[in-house]
Amino acid sequence: MGRTCQLLLSRIGSRGDAHLLALPQTRGLLRGEAMRTVSCFAGAATFAALLAAWAIGCAPIRRAGRHAQLPPEAHPPYTVTGLESLLREPPADLRGSRLGLITNPTGVTSDLRQNVDALTEAGFALAALFGPEHGVRGDVEGGAKVDSYVDWRTGLPVFSLYGTHRKPTPEMLRGVDALVFDIQDIGIRPYTYISTMALAMEAAAELNIPFVVLDRPNPLGGELVEGPVLEEQFRSFIGIHPIPYVHGLTVGELARFFNEEFGIHCRLRVIPMQGWKRSYLWPDTQLPWVPTSPHIPHWLSALYCATTGAIGELGTVSEGVGTPSPFELIGAPWVDPYQLAAELNRRQLPGVRFRPVTVRPFYFRFAGQTVGAVQIHILEPKQFRPVEVQIHILHALVKLYGPDRLFQTDRIDAFDKAWGTDRVRTMLVAGADPAAILSSWQEELAVFRQKRQRYLLY
């Protein structure tokens with residue numbers, strides 16, 4: 000245990016200042032392994048008092064009735080999402096409206112209650128549910144068509160926004176007074192939930208109905224902005240508007256940006272979070288992580304997806320999908336894992352190390368084959384730069400195995416669309432080094448950073 004924790008526990012044990020454990024900064028010091036070793040430094044009676052103080056200080060919310068209530072004076076130690084802000088202070092106009100809810104399993108409160116239940120119990124009237132990629136229940140594999148149906152539990156109609164239609168139709172919105180978006184994003188442009196949001200905003204504008212975003216944290220934080228800004232000719236559902244690969248915005252901020260910069264002009268309302276800072280990565284929020292899609296089981300998976308997702312579009316290498324470590328691996332049957340790991344570690348990229356591994360995917364690419372790969376170990380998430388690392392991985396593969404191994408594929412179009420440009424591929428083939436590739440989009444990033452300032456909420 001660190002010296003700070005020892006001194007704190009000494010003070011608590013000798014002076015009886017157990018109330019110190021109720022302070023958020025104290026809990027931060029004692030969280031994890033430190034808390035588990037408290038009993039080594041305190042007697043049984045003192046330890047019992049510490050646990051009591053800890054329980055009082057850590058209580059995330061006070062319960063009143065059947066749904067979570069946060070008293071106005073409360074300053075909880077966790078980030079309060081837009082959903083819980085709405086439940087805390089329900090707008091009168093939304094209480095009297097029939098709501099269409101665009102959501103999936105990530106739409107939960109801090110105590111993991113689904114938004115459908117929490118909103119209904121709070122007196123909101125839900126008219127319909129709308130499902131993005133993977134569906135409202137999150138049980139559809141990536142890229143697969145999502146069907147419309149009647150939800151077995153709520154009896155509500157569920158309309159698919161990842162099937163025949165990706166934009167709500169007037170028929171779907173019949174009987175809906177306002178659309179509400181409550182989905183956890185992962186902070187990168189190719190992840191399709193923000194495209195679903197943009198098209199739903201257009202539908203709301205066309206029918207002149209309000210569009211409400213219940214804001215949620217960007218798990219990659221609000222400061223990191225990386226990668227090329229989408230070029231118009233590469234626009235697709237994995238890149239619907241010109242923003243960088245890693246944009247550093249919450250979904251509420253993105254909605255504000257989309258609404259004004261791209262001429263949607265819907266009747267937008269963002270219900271903001273409380274207690275979120277731009278410097279926060281997901282663990283800083285103290286919120287539980289719910290898988291945002293089948294291969295994003297943990298919050299770090301979002302950071303890994305930002306690092307290998309575009310490479311995986313090529314189809315010539317595995318990004319770990321089909322193994323227990325989705326997006327954490329890069330490899331192929333023709334890769335020497337020791338050679339690739341040595342090449343990447345030699346570059347001394349901040350916050351990361353590469354470990355040689357051999358895997359045999361259970362499904363998806365190279366299923367049943369022996370694959371040489373490197374496992375990406377993110378050691379310092381706040382120092383880690385996913386786009387920079389992705390460019391170095393691509394450069395190392397081209398250097399060691401040649402561009403044809405990587406780019407002789409019928410999926411070049413998908414790779415370019417994921418990046419939002421063909422610059423990455425053409426510069427690698429031409430022999431450019433990572434520094435040249437990364438510098439090629441710095442001017443457009445500077446423009447974006449300046450432009451986004453007026454839309455920031457935090």
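Numbered by numbering that gives the first Met the number 0, the letters in the sequence shown go through residues 0 to 457 in order. Positions of the beta carbon are idealized from the N, C-alpha and C atoms, including for glycine.
Are Gly-251 and Val-269 close, meaning C-beta to C-beta below 8 Å? yes
Assign Tyr-362 to one of two classes, buried (16 or more other C-beta atoms within 10 Å of its C-beta) or exposed (fewer than that). exposed
Quick one: any contact between the stretch 303-320 and the stretch 355-372, if contact means 3 or more CB pairs under 8 Å? yes
Check whether the stretch 209-226 and the stretch 270-287 are in contact - that is, three or more C-beta pairs closer than 8 Å. yes
So, are the CB atoms of Tyr-192 and Asp-184 less than 8 Å apart? yes
State the start and end residues of the unbroken alpha helix (DSSP H) segment that holds Arg-448. 441-451
Determine whether the beta carbon atoms of Val-289 and Val-107 lie at a separation below 8 Å. yes
To the nearest angstrom, how far is it from the Cα of Ile-101 to the Cα of Ala-199? 9 Å
Ignoring anything shorter than 3 residues, give me the beta strand (DSSP E) runs that lie fully in the stretch 347-402, in order along the chain. 351-358, 370-377
Can you have a look at His-264 and say buried or exposed, based on whether 16 or more other CB atoms are within 10 angstroms of its CB? exposed
DSSP beta-bridge partners of Ser-317: Gly-330
Simplified DSSP assignment, three categories, for Ile-182: coil
Return yes when the Cβ of Leu-229 is within less than 8 Å of the Cβ of Gly-99, no when it is not. no
Pull up the distance between the alpha-carbon of Leu-50 and that of Val-356, whole angstroms please. Reliability fails at Leu-50, whose pLDDT of 34 lies under 50, so the model's placement of it is uncertain and the value that follows must be treated cautiously. Cα to Cα, the separation comes out at about 42 Å.
Opening and closing residue of the alpha helix (DSSP H) in which Ile-411 lies: 411-418
Reducing DSSP to helix, strand and coil, say where Ile-208 ends up. coil
Are the C-beta of Gly-186 and some C-beta of chain B separated by less than 8 Å? Among the protein chains of the structure shown there is no chain B, as only one such chain exists.
Look at the alpha carbon of Ala-305 and the alpha carbon of Trp-298, and state the distance between them as a whole number of angstroms. 12 Å
Which partner residues of Ile-270 appear in the DSSP bridge assignment? Leu-213
When the Cα atoms are used, what is the spatial distance from Pro-70 to Arg-97? Note that Pro-70 scores a pLDDT of 49, beneath 50, so its modelled location is shaky and nothing firm can be said.
Got a sec? Which residues, its chain only, sit under 6 Å from Pro-23 by beta carbon, not counting five neighbours each side? Below a pLDDT of 50, predicted positions are generally treated as unreliable, and Pro-23, at 39, falls in that range; the measurement from the model is reported next regardless. So the qualifying residues of the chain are Pro-76.
Assign Ile-187 to one of three DSSP states: helix, strand, or coil. strand
Classification of Ser-194 by the beta-carbon crowding that lies within 10 angstroms, buried from 16 upward: buried
Please classify Ala-445 as buried or exposed, where buried requires at least 16 neighbouring CB atoms within 10 angstroms. exposed
Throw me the rounded Cβ distance for the Arg-422 and Ser-439 pair, which I believe falls under 8 Å. 6 Å
Name the two residues that bound the continuous alpha helix (DSSP H) containing Asp-292. Note that residue 292 is Ser in the sequence shown here, rather than Asp. Counting along the chain, Ser-292 falls outside any alpha helix (DSSP H), and DSSP gives it neither H nor E.
Sequence-distant residues of the same chain with beta carbon closer than 6 Å to Gly-330, five excluded per side: Ser-317, Val-370, Gly-371, Ala-372
Who are the Cβ neighbours of Thr-284 in its own chain at under 7 Å, not counting the five residues just before and after it? Tyr-77, Thr-78, Pro-216, Trp-275
Kindly indicate which three-state DSSP category Arg-173 falls into: helix, strand or coil? coil
Inter-residue Cα distance where the pair is Ile-390 and Trp-151: 45 Å
On a Cα-Cα basis, can you pick out the residue from Gly-122, Ala-417, Ile-242 that is closest to Arg-451? Ile-242
Measure the CB-CB distance between Pro-385 and Val-245 and report whether it falls below 8 Å. yes
Proximity to Leu-82 [Cα-Cα], best of Arg-354, Val-212, Ala-254: Val-212
In terms of residue numbering, what span does the beta strand (DSSP E) encompassing Thr-102 cover? 97-102
What does a CB cutoff of less than 6 Å around Phe-210 pick up in its chain, not counting 5 residues either side in sequence? Leu-178, Met-200, Ala-203, Cys-265, Leu-267
Quick check on Val-149: buried or exposed, where buried means 16 or more other Cβ atoms within 10 Å of its Cβ? exposed
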